[in-house]
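Contents: one structure, followed by commentary.
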Amino acid sequence: MTMRDEGKARPQTSREKIEQLRRTKIHLRRGGGSERIERQHQSGKLTARERISMIVEEETFQELFLFARHRSTAFGMAGKELPGEGVVTGTGTYNGRQVFVAAQDFTVIGGSVGESHADKICQTMDLALKCGAPFVCINDSGGARIQEGIDALSGYGRIFYRNILLSGVVPQISIIAGPCAGGAAYSPALMDFIIMVRGTAEMFITGPQVLRQVTGEEITAQELGGPDAQMSSGVAHFIAESDADAAHICKQLLSFLPANNLEDPPSYGTGELEFFPDYTLDTVIPDNPREPYDIKPVIQRLVDNGEFLEIQASFAPNCVIGFARIDGHTVGMVANQPAVMAGVLDINSSDKIAGFVRFCNAFNIPLVTMIDVPGFLPGTEQERGGIIRHGAKMLFAYGATTVPKISIILRKAYGGAYLAMCGKDLGADRVAAWPSCEIAVMGPEGAVNIIFRDQIQKAENAVAAREDFVRQYREEFASPYVGAARNLIDDIIEPNETRRYLSLALASLRNKRELRPQKKHGLLPM
Ligand code: HXC
C-alpha cells in the first residue's frame, strides 16, 4: 500500500500519518522482499543494509533518499515500485569519524543503475565532498538499467564525473561484492582503493559471453574478472574472503587515512617517540650480495606493533607497498622485495609504486622508502612494453611529492633505479644507509667487466684479477661512505637503530612545508 492509497475515506490524523510513515519505511527498507533477500544470502552475499551496518556504527547511520522513485515508463516500468531505487545511501560514523556510503541493493531490479539510483549516489558524493569525509561505495549491480536507456548512461557519467571531483580531496574506497561489469567498472577504477570479495565479485569491460562470440574463448566470469584475475591485472588492491572481511579491510584502511586532503591522518597512541633497538635487523642482510631475503618482516620490525597493511600484495610482488604507523602516525611504506626477482623494478612495480606515492602525497602521508634494488629489469619485453614511460611515472611521482620523504638504503642501489626509489636528488628529505649498502651506476661485476676489461684480459690469473677489481670497486666506489662524503646520505646507521632514525626523522619533518612553482598541474607521464 502506498501513501496515496491510504486515508481516502477521511483525512488522516497526525498519529495515523506517523504510523503510515513507519510502515512505509519498514516496507521500503525490505528492498526486494524476503524471497530475494533469501536468494542474496544463499549466493553468499549480504544485503546492502547488512553491508553498511558492518562499516558504520549502526546507531549513527542516517539514511538519505529512501523515498526515491524512478520516472521511467517504457518496457513495463510505469508505476513499478523499486524500493529505495536499488541503492541504499547515507552517512554515519566509523570510530566517531564521518563516512558517506552507497550500497547497491541487488534484490531490487539487480541493483541496476537508473537515473534516480545514480542521483542518490551523486548527491551522497556531493555531500562527502562538501563535508570533507571519505566516500565508500559497495558495488553489486547488473549495470546500467536497460529500461532507462540514455538516462542510465547519463547517471553513470555523473557518477564518474564526481569520482574525478572527489579524487585527491576525500578518500574513495570501492568494495566490489557482486557483478560490476562493462563501463560500470570505471567508477571503482576512478576511486583510490578497490576491495574485491572472493567468490562473488566480478569486474570486466567485455564479458565472457562477448568474448565467446568474438574470439571463441571459453572463459568463466570468475576466471575473467574475479578477484584473483583483477589482482594480477593491478586493478584490485585487496581480496576479501567475505563481505564481512571486506568491511573489515575497509575500516582498517580508513583508520590510516585523513578525512580529507586538508587534514593530517589520525594519530593513535601516546604521542611519545619509541626507539626500541632491534638487533635482529643487524643480521637481515646476507653476506652474499646475491642472496635474497624477505623485506616484509623487516618492515614489520620497524613499525608500531608490527602492523603493516599491505596493498596489492600479489600484483608486482617484486615491490611492497602499504600503510603502517610509526609512533602512532600513519606512514606509507615502499620497499623493493629482494625475495622476488631480486627486487628489480619493472613496468608493473613502477606503476604500483607511482600510484601509491601519488595517493600518499595527496593525503599528507609521509613516505618511508626501503631501497634494495639491482636496477630495472632488462629485456625486450620490458623495453617494448614501455619501461621508460612507466619508470618515468615513478620518478615523476616521487619528485613531485612534497610530503616528508625518508629513504633507507639497505643494500643495492644501482643506476636509475637508485634515483627512481627516491634518492636525495629526487627530493628525499632524509637518506640513511646501512653499512652493507652499495650505490653505483651498476653492480660491481658488470662494472669491472667494462672498465677493467683490458687489465683482466692481460692478467696472468684473470679470475683472481677480476675478483680483486670487484673488491676494489666495492670498497672505493660503491660503499656508503662515498655517498656520505658527498652529503647524499645524511647518516650511515646500524640496522638495529633504524627505528630510532625513522622516529626522529619523521618527528623532525612533521611540520614540513615545501612550495613548488604555481601551475595548473604537472604532466605525469602516462
Ligand atoms: C535492468 C536488470 C539488469 C539491468 C539485472 N537486472 N541487470 N534489470 N537492467 N542491467 C534484473 C534482472 O532482470 C532480474 O530481474 C534481476 O535484476 C536479477 O537479475 P538475474 O539475472 O536474475 O540475476 P543473476 O542470475 O544473478 O545474474 C546477474 C547478472 C545478469 C549477471 C548481472 O542479471 C546480467 O547479465 N544482467 C545484465 C548485465 C548487463 O549487460 N548490463 C548492462 C551492462 S552495460 P527479475 O525481475 O527478472 O528478477 C553497462 C554500461 C554502463 O552497464 C556504461 C557506463 C558508461
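Under this note's numbering, the first residue of the sequence shown carries the number 20, and numbering increases by one thereafter.
Don't be surprised by glycine CBs; every beta carbon is placed ideally from N, CA and C.
query = Could you check where the beta strand (DSSP E) with His348 kicks off and where it finishes?
reply = 348 to 355
ask   = If you pair each beta-carbon of the stretch 135 to 150 with each one of the stretch 166 to 184, do three or more pairs fall below 8 Å?
value = yes
inquiry  = I'd like to check one pair, Leu321 with Pro7: are the Cβ atoms closer than 8 Å?
reply    = Because the chain is modelled from 20 through 545, residue 7 falls outside the range shown and cannot be assessed.
ask   = So, Lys431 versus Val392, is the Cβ gap smaller than 8 Å?
value = yes
inquiry  = Can you tell me whether Pro454 is buried or exposed? The criterion is at least 16 other CB atoms within 10 Å of its CB, across all chains shown.
reply    = exposed
ask   = the ligand HXC heavy atoms versus the CB of Arg88: any closer than 7 Å?
value = no
query = What did DSSP end up calling Leu321 once you bin it into helix, strand or coil?
reply = helix
key: Distance, Arg49 Cα to Asn80 Cα   = Checking the sequence, you will find Phe at residue 80 rather than Asn. Their backbone Cα atoms lie some 17 Å apart in a straight line.
key: Option nearest Val127 by Cα separation, candidates Phe212, Val107, Lys424, Cys141   = Val107
request  = Kindly indicate which three-state DSSP category Glu104 falls into: helix, strand or coil?
outcome  = helix
Any chain B beta carbon closer than 8 Å to Ser53 = The chain inventory of the structure shown lacks chain B, comprising one protein chain alone.
DSSP three-state assignment for Ile238, whether helix, strand or coil = coil
ask   = So is Ala481 buried or exposed if we call it buried at 16+ other beta carbons inside 10 Å?
value = exposed
task = Answer yes or no: the CB of Pro198 versus the heavy atoms of the ligand HXC, is any distance below 7 Å?
result = yes
key: Of the listed residues Gln476, Ala466, Asn324, Gly245, nearest to Glu495 (C-alpha basis)   = Ala466
ask   = Taking 7 Å as the cut-off, is the CB of Gln59 close to at least one heavy atom of the ligand HXC?
value = no
message = Is the separation between the beta-carbon of Ala278 and that of Gln117 shorter than 8 Å?
response = yes
request  = Counting only the same chain and skipping the five closest in sequence on each side, list residues whose C-beta sits under 6 Å from that of Leu507.
outcome  = Lys443
key: Asp159 vs Ala196 beta-carbon contact at 8 Å   = yes
query = For Pro286, which beta-bridge partners are listed by DSSP?
reply = For clarity, residue 286 is Ser in the given sequence; the question names Pro instead. BP columns for Ser286 are empty, so no partner.
query = At what residues does the beta strand (DSSP E) containing Phe119 begin and finish?
reply = 116 to 123
message = Taking the straight line between their C-alpha atoms, what separation do you get for Ile214 and Ile268?
response = 8 Å
request  = Look up Glu38 in the DSSP assignment and say whether it is helix, strand or coil.
outcome  = helix
query = Do Ile470 and the ligand HXC come close, with the Cβ less than 7 Å from some heavy atom?
reply = no
ask   = Short check: CB of Asn383 to CB of Pro284, under 8 Å?
value = yes
task = Give a yes or no on whether the C-beta atoms belonging to Asp323 and Ile340 are separated by under 8 Å.
result = no
message = On the CB-based measure, 16 or more other CB atoms within 10 Å of its CB, does Cys156 come out buried or exposed?
response = buried
inquiry  = Taking 7 Å as the cut-off, is the C-beta of Leu65 nearer than that to any heavy atom in the ligand HXC?
reply    = no
query = Alpha carbon to alpha carbon, how far is Val422 from Ala343?
reply = 16 Å
ask   = Among residues of its own chain, excluding the 5 on either side of Leu101, which ones have a beta-carbon nearer than 7 Å to its beta-carbon?
value = His89, Val127, Ile128
query = Based on Cα-Cα distance, which residue from Pro198, Glu457, Asp145, Asp170 lies nearest to Asn182?
reply = Asp145
task = Compare the C-alpha of Asp448 against each of Ala483, Gly394, Glu533 and name the closest.
result = Glu533
query = Can you tell me the Cα-Cα spacing of Ile425 and Val460, whole angstroms?
reply = 22 Å
message = Just to confirm, is the Cβ distance from Leu386 to Thr349 under 8 Å?
response = no
query = What do you reckon, are the CB atoms on Val120 and Gly105 nearer than 8 Å?
reply = no
query = When the Cα atoms are used, what is the spatial distance from Gln474 to Pro463?
reply = 15 Å
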